[in-house]
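Colleague:
Number of protein chains: 6
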Amino acid sequence: MYRLSVRDHMMIAHSFHGEVFGPAQRLHGATYVVDVAFARPVLDDDDLVVDIGLASDALKAITGDFTLSNLDDVAAFRGRNTTTEFMARVVFDRMADAIVAGRLGEGAKGLTEMAVTLYESHIAWASYEGRLPAANG
Amino acid sequence: MYRLSVRDHMMIAHSFHGEVFGPAQRLHGATYVVDVAFARPVLDDDDLVVDIGLASDALKAITGDFTLSNLDDVAAFRGRNTTTEFMARVVFDRMADAIVAGRLGEGAKGLTEMAVTLYESHIAWASYEGRLPAANG
Amino acid sequence: MYRLSVRDHMMIAHSFHGEVFGPAQRLHGATYVVDVAFARPVLDDDDLVVDIGLASDALKAITGDFTLSNLDDVAAFRGRNTTTEFMARVVFDRMADAIVAGRLGEGAKGLTEMAVTLYESHIAWASYEGRLPAANG
Amino acid sequence: MYRLSVRDHMMIAHSFHGEVFGPAQRLHGATYVVDVAFARPVLDDDDLVVDIGLASDALKAITGDFTLSNLDDVAAFRGRNTTTEFMARVVFDRMADAIVAGRLGEGAKGLTEMAVTLYESHIAWASYEGRLPAANG
Amino acid sequence: MYRLSVRDHMMIAHSFHGEVFGPAQRLHGATYVVDVAFARPVLDDDDLVVDIGLASDALKAITGDFTLSNLDDVAAFRGRNTTTEFMARVVFDRMADAIVAGRLGEGAKGLTEMAVTLYESHIAWASYEGRLPAANG
Amino acid sequence: MYRLSVRDHMMIAHSFHGEVFGPAQRLHGATYVVDVAFARPVLDDDDLVVDIGLASDALKAITGDFTLSNLDDVAAFRGRNTTTEFMARVVFDRMADAIVAGRLGEGAKGLTEMAVTLYESHIAWASYEGRLPAANG
């Protein structure tokens, strides 16, 4: 399996609900350094996993929707906790949509798996990985 | 699959036996930066992989048993070489026990896989990963 | 000159005021990975720059005052922008106070300089460094 | 599964062909920091994944063939693009050959999987992973 | 002294002349991860060292002039060796010019020192630091 | 000022004496990732701070004297605590001697300052920096 990874980041505010979170129930924030790893079993005709320029632009569009904002205000997240692992899945789903919509180029439709990792500090990070729709074609 | 990782470290002395180790047969030491990645296919009701506070405490309890000691003195390791890969498995087994014993909370029983990585320097590291008992329920 | 550095982190929410900040005027947040470097020209009688345990505890006390909170609510910061460079100075001043108060041990009174660095992402960080009161004795 | 990883690097010039590469069609270069992760389900009799000295030497021999050279001049790569993902596979294949040839020791024949990662910058990297011939015995 | 640092990178080809360089006399290449640290003794009225957006744009303009090119073709470098330390000075001088030209904003004219670091691999890096013209006003 | 830095590492055992060290009075160990930064105000005729090959070899010779050993057995350290900051000075002094002895080449005699940093973990490191004898010529 071949993989290509790109990195960006987002700086957000949020709060959690539930006793398990203790003081993290208060409004606070995080820098998420975001890595997306795109995977496929064979390279395309240009010897690429994916066009790195389009992949980076797509990631910037996704982090751009969240950076410098308060995740507590995002309607789609109402009733959920925007934990690092939850946000990894959010980025995964949005990137999967971008691939299906062709925003990473036609070649990206050969991608079969993806993993998204969010680093919240030098001692904690979380990820979500799964197969891509194209893999089930 | 969702993953959450936490990091700690331990500073130990040890020696190896066997010609393959060359000068590492002498008493020497290492700082092991220890990462534990906990995995499960779905988040719990709080949108968590595992309670990060309990996970960090459990890791500190494990590294605390070894840090600032000489692994050559540990009875359980008699006759073995405490290589980085061997110690990755030791941390894995102890954390798996902590999960079964409930020390990472009830929710942690939903964890299905785990990976432990020990960094011994900027140019070498080792890991052990496997399924957790709960995964076989 | 000898230096010893320790690392911790804090996760905060805040907003900025002033047109120069553009979208960062909105409520958002950051993880600050915080490094403090203590300096002195000669080691103490134990061959130390400072007691690393006391230094780490003092840093945790300082980050503990801010982590998991909204800096916009801190009275002492009213009318200021809690930029990364501003917060580096805040940590510097608090650690200097801790040294003077003896919370890093008697030996710490031999420290002459200090530098505090806050990493806000993988591509941006800020610091404040200066002499310590003891240096002017 | 146990894994052991070692790191080295190579500094190369190259150019790409194909419109998708835009300005990267020009002659340019890269530092590739190269990680090789060796994997096996059980440790050998010395509690090792592989002899780390032999593994490091084998990696240095491979990076040594490419470092300080222009990949456009390598006959074996004629007609291909020496992208980061392509070069990850090249290193993988050469290391697999070294294992089969016994250059990592007899014990290395117990290795079943391998992953090679090439970091091209702080924001992009690529890898190739696969099973080793021995795994199919 | 306050400092703010930003990071970018450039991927270049080049060769060296002089026996001291050994095999590095051949055409090869490097990824330079480039950090610029801006320094001043007091913050501006917005509690900033410098506008981080303008600073990042100015750095991207400088790396953009060199990335994906062959430094052997740059007329200004004829007769010089484009070593990592030499290139650190080149970036320093260009950034100093950008500051004087006002491209980092009026506030940037309060900057008194600057340091530029270029990382060529995980085991080697070089820097150039000096005072800025404004500091001599 | 120009600087060039190189990195290596050493893996040692040791123990400390003095109540301030608490459990670190027991035999334990550390991996020290060692960075040496060489500085000079002007580049030499080859546009270098120092011959990076000779500098790396000299550093490997120094770390080679300590790695895979027990520092408690080194006669020269009898009665001292081999703390991270103490060992930074040891490496500094040995490298300064190597420069004077000409082992980094004739050009290295133009070096005026040096800094040695030893990383003992992801959250602690120490350094010693000073002027070089040649600087006082």
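Chains as they are written, first to last, in numbering that gives the first Met the number 0: chain R, 0 to 136; chain Z, 0 to 136; chain Y, 0 to 136; chain H, 0 to 136; chain C, 0 to 136; chain X, 0 to 136.
Built from N, CA and C at the ideal position, the CB exists for glycine as well.
How big is the Cα-Cα spacing for A95 of chain C and F85 of chain C?
Modeller: For the purposes of this step, residue 95 of chain C is taken as residue 96 along the fifth sequence, with counting starting at 1. For the purposes of this step, residue 85 of chain C is taken as residue 86 along the fifth sequence, with counting starting at 1. One C-alpha to the other measures close to 15 Å.
Colleague: When DSSP labels each residue in this structure, what does T83 of chain Z get in the three-state scheme?
Modeller: Numbered from its first residue, the second sequence carries residue 83 of chain Z at position 84. In the structure shown, T83 of chain Z sits in a helix (DSSP, three-state: H, G or I).
Colleague: Less than 8 Å between the beta carbons of A114 of chain Z and M10 of chain X, yes or no?
Modeller: The residue labelled residue 114 of chain Z in the question sits at position 115 within the second sequence. The residue labelled residue 10 of chain X in the question sits at position 11 within the sixth sequence. For A114 of chain Z and M10 of chain X, no; Cβs fall outside 8 Å.
Colleague: For H8 of chain H, which residues of its own chain have a beta-carbon under 8 Å away from its beta-carbon, when the five flanking residues on both sides are left out?
Modeller: Position 9 of the fourth sequence holds residue 8 of chain H. Correct list, in chain order: T30, Y31, V32, V33, T62 and T66.
Colleague: Determine the chain X residues that contact I51 of chain Z at a beta-carbon separation under 9 Å, and present them in chain order.
Modeller: Within the second sequence, the letter at position 52 stands for residue 51 of chain Z. Correct list: empty, because the minimum Cβ distance to chain X is about 17 Å.
Colleague: Ignoring anything shorter than 3 residues or poking outside the stretch 22 to 76 of chain H, list the beta strand (DSSP E) runs there in chain order.
Modeller: If we require 3 residues or more, the beta strand (DSSP E) runs fully inside the stretch 22 to 76 of chain H come out as 27 to 39.
Colleague: Compare the C-beta of V5 of chain X with all C-beta atoms of chain C and state if any pair is closer than 8 Å.
Modeller: Along the sixth sequence, one-based indexing puts residue 5 of chain X at 6. With 8 Å as the cut-off, V5 of chain X counts as an interface residue toward chain C.
Colleague: Report yes or no: is there a C-beta of chain Z within less than 8 Å of the C-beta of V48 of chain H?
Modeller: Working through the fourth sequence from its first residue, we reach residue 48 of chain H at position 49. Taking Cβ atoms only, chain Z reaches closer than 8 Å to V48 of chain H, which makes this a yes.
Colleague: How many angstroms separate the CA atom of R6 of chain Z from the CA atom of G17 of chain H?
Modeller: Reading the second sequence from its first residue, position 7 is the one you call residue 6 of chain Z. Reading the fourth sequence from its first residue, position 18 is the one you call residue 17 of chain H. Approximately 43 Å between the Cα atoms of the pair.
Colleague: Straight-line CA distance for L103 of chain H to L3 of chain H?
Modeller: Position 104 of the fourth sequence holds residue 103 of chain H. Position 4 of the fourth sequence holds residue 3 of chain H. L103 of chain H and L3 of chain H: Cα-Cα distance of roughly 13 Å.
Colleague: Quick check on DSSP: helix, strand or coil for I122 of chain H?
Modeller: The residue you call residue 122 of chain H lines up with position 123 of the fourth sequence. If DSSP states are grouped into helix, strand and coil, I122 of chain H belongs with coil.
Colleague: From what residue to what residue does the beta strand (DSSP E) around S4 of chain R run?
Modeller: For the purposes of this step, residue 4 of chain R is taken as the residue at position 5 of the first sequence. Residues Y1 to H13.
Colleague: Which word fits E105 of chain X, buried or exposed, when buried means at least 16 other C-beta atoms lie within 10 angstroms of its C-beta?
Modeller: Here residue 105 of chain X corresponds to residue number 106 of the sixth sequence, with the count starting at 1. Label assigned to E105 of chain X: exposed.
Colleague: Are Y118 of chain C and A87 of chain C touching if we call contact CB-CB under 8 Å?
Modeller: Taking the first residue of the fifth sequence as position 1, residue 118 of chain C is located at position 119. Taking the first residue of the fifth sequence as position 1, residue 87 of chain C is located at position 88. Cβ distance not < 8 Å, so Y118 of chain C and A87 of chain C don't count as in contact.
Colleague: In terms of alpha-carbon separation, which member of C:G109, C:A123 and C:G129 lies closest to V90 of chain C?
Modeller: For the purposes of this step, residue 90 of chain C is taken as residue 91 along the fifth sequence, with counting starting at 1. Looking at the Cα atoms, C:G129 is the closest of the given residues.
Colleague: How would you call A100 of chain X, buried or exposed, if buried means at least 16 neighbouring beta carbons within 10 angstroms?
Modeller: Indexing the sixth sequence from 1 puts residue 100 of chain X at position 101. Classification for A100 of chain X: exposed.
Colleague: By DSSP's criteria, T116 of chain H is part of a beta bridge. Which residues make up the other side?
Modeller: For the purposes of this step, residue 116 of chain H is taken as residue 117 along the fourth sequence, with counting starting at 1. Answer is H:D34 and H:S126.
Colleague: By the three-class DSSP mapping on this structure, what secondary structure does R102 of chain X have?
Modeller: Here residue 102 of chain X corresponds to residue number 103 of the sixth sequence, with the count starting at 1. R102 of chain X: coil per DSSP, three-state reduction.
Colleague: Under the rule that 16 or more other beta-carbon atoms within 10 Å means buried, what is G109 of chain Z, buried or exposed?
Modeller: In the second sequence, residue 109 of chain Z corresponds to position 110, counting from 1. Buried: at least 16 other Cβ atoms inside 10 Å.
Colleague: Might you give, ordered along the chain, the residues of its own chain that have their beta carbon closer than 7 Å to the beta carbon of R39 of chain Y, omitting 5 neighbours on each side?
Modeller: Residue numbering aside, residue 39 of chain Y sits at position 40 when the third sequence is read from its first letter. These residues qualify, in order along the chain: Y1, V48, G109, L110 and T111.
Colleague: Listed in chain order, which residues of the stretch 17 to 44 of chain Z have Cβ atoms closer than 7 Å to some Cβ of chain X?
Modeller: Under the 7 Å Cβ criterion, the stretch 17 to 44 of chain Z contributes P22, A23, R25, L26, H27, G28, A29, T30 and V32.
Colleague: Find the residues of chain Y that neighbour A125 of chain R, judging by a C-beta separation of less than 8 Å, and give them in chain order.
Modeller: Sequence index remark: in the first sequence, residue 125 of chain R carries index 126 (1-based). Result: empty, since nearest Cβ-Cβ is about 13 Å, beyond 8 Å.
Colleague: DSSP on G78 of chain Z, reduced to helix/strand/coil?
Modeller: In the second sequence, counting from the first residue as 1, residue 78 of chain Z sits at position 79. Residue state, collapsed to three classes: coil.
Colleague: Considering only residues of the same chain and omitting the five flanking positions on each side of A12 of chain H, which have a CB-CB separation below 8 Å?
Modeller: Start at 1 with the first residue of the fourth sequence, and residue 12 of chain H comes out as number 13. Result list for A12 of chain H: L26, H27, G28, S68, N69, L70 and D71, in chain order.
Colleague: Does I11 of chain C get closer than 8 Å to chain H when you measure Cβ to Cβ?
Modeller: Working through the fifth sequence from its first residue, we reach residue 11 of chain C at position 12. Yes, its Cβ sits closer than 8 Å to a Cβ of chain H.
Colleague: Nearest to I122 of chain H by alpha carbon, out of R:V19, R:S120, R:K59 and R:Q24?
Modeller: Taking the first residue of the fourth sequence as 1, we reach residue 122 of chain H at position 123. For the residues R:V19, R:S120, R:K59 and R:Q24, the minimum Cα distance to I122 of chain H belongs to R:K59.
Colleague: Could you tell me the distance, in whole angstroms, from the CA atom of A97 of chain C to the CA atom of A36 of chain X?
Modeller: Walking along the fifth sequence from the start, residue 97 of chain C turns up at place 98. Walking along the sixth sequence from the start, residue 36 of chain X turns up at place 37. Looking at the two C-alpha atoms, the distance is approximately 28 Å.
Colleague: Pick from Z:D92, Z:V19 and Z:D44: whose alpha carbon is nearest that of T137 of chain R?
Modeller: In this structure chain R extends from 0 to 136, so residue 137 of chain R is not present and cannot be described.
Colleague: Measure from the alpha carbon of A54 of chain X to the alpha carbon of each residue in X:T116, X:P132, X:W124 and X:A107, then state which is nearest.
Modeller: Numbered from its first residue, the sixth sequence carries residue 54 of chain X at position 55. The option with the nearest alpha carbon to A54 of chain X is X:A107.
Colleague: Beta carbon of V5 of chain R: closer than 7 Å to some heavy atom of the ligand PLP?
Modeller: Within the structure as shown, the ligand PLP is missing, as the structure has no ligands at all.
Colleague: Once the 5 residues before and after G136 of chain C are set aside, which same chain residues still bring their CB inside 7 Å of it?
Modeller: Mapped onto the fifth sequence, residue 136 of chain C falls at position 137. Low per-residue confidence applies at G136 of chain C: pLDDT is 49, beneath 50, and the placement is therefore not dependable, though the value from the model is reported in the following sentence. No residues qualify anywhere along the chain.
Colleague: Can you have a look at D64 of chain C and say buried or exposed, based on whether 16 or more other CB atoms are within 10 angstroms of its CB?
Modeller: Looking up residue 64 of chain C in the fifth sequence gives position 65. D64 of chain C comes out exposed.
Colleague: Return helix, strand or coil for G136 of chain C, following the three-state DSSP convention.
Modeller: By one-based count along the fifth sequence, residue 136 of chain C stands at place 137. Because the pLDDT at G136 of chain C is just 49, under 50, the model does not fix this residue reliably, and the value given afterwards should be weighed accordingly. The answer is coil: DSSP assigns G136 of chain C none of H, G, I, E or B.
Colleague: Is the CB of M0 of chain Z under 8 Å away from at least one CB in chain R?
Modeller: Position 1 of the second sequence, counting from 1, holds the residue named residue 0 of chain Z. Closer than 8 Å: yes.
Colleague: Tell me which same chain residues have a C-beta within less than 7 Å of the C-beta of P132 of chain H, skipping the five on either side of it?
Modeller: By one-based count along the fourth sequence, residue 132 of chain H stands at place 133. So the list reads A95 and V99, once near-sequence residues are dropped.
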